Amino acid sequence: MDMGDYNLQRFLDAQQGDYERALTEVRNGRKYSHWIWYIFPQLKGLGMSYNSQYYGISGKEEAEAYLSHPVLGERLREITSAFLQLKSKTAEEVFGSLDAMKVLSCMTLFNEVAAGDLFRQVIDRYYQGETDEMTKRMLDK
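Following this note's numbering, the numbering of the sequence shown begins with 724 at its first residue and continues without gaps.
Structural data, given as structure tokens:
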């Protein structure tokens with residue numbers, strides 16, 4: 724798989740100014756600014772906004788490329804780990820209800836391509852083990 728087949732640069736460009744802020748907000752237990760689409764990407768087609776479409780992942784192969792990328796994969800694991808380290812918070816308390824659903828979609832997607840990684844731990848801890856069914860259906864097509 725050639726990472727050049729996907730425009731992963733769009734994520735690097737967006738994260739350039741926001742990744743550290745996003746990580747700090749997650750570590751502090753509350754998201755305040757607008758970065759969910761390119762920090763916790765989900766499948767294209769789950770959301771209808773411009774950002775959901777532009778930063779949407781096309782499928783398993785692009786998700787694998789994202790995780791294999793030396794910067795993007797490391798950042799996704801780092802911020803996911805920071806989320807897991809929070810004490811007595813719910814996903815809704817950290818992200819708000821709409822963005823908590825986007826995080827579940829992201830975790831479901833990346834759990835499908837990296838089973839046994841941190842993503843399953845988030846699903847188990849914050850979502851009672853329930854994955855995002857729409858993401859799973861779209862991946863099975």
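C-beta: ideal position from N, C-alpha, C; glycine also.
Predicted, not measured: the structure shown is a model, and the values here were computed from it.
- [ ] Check Tyr729 in the structure and name its three-state DSSP category.
- [x] coil
- [ ] Just mark Ser884 as buried or exposed, buried being the case when its beta carbon has 16 or more other beta carbons within 10 Å.
- [x] Residue numbering for the chain in the displayed model covers 724 to 864; residue 884 lies beyond these limits and cannot be assessed.
TODO: Please determine, among Val845, Met824 and Lys767, the residue with the shortest C-alpha to C-alpha distance to Ile802.
DONE: Val845
Task: Span separating the alpha-carbon of Pro793 from that of Arg800 - done: In a straight line, the C-alpha of Pro793 is about 11 Å away from that of Arg800.
Open item on the list: I want to know whether the region 772-787 touches the region 818-836 - three or more CB-CB distances under 8 Å.
Closed with: yes
Task: Ala805 versus Leu746, Tyr742 and Gln732, residue with shortest Cα-Cα distance - done: Comparing Cα positions, the closest option is Leu746.
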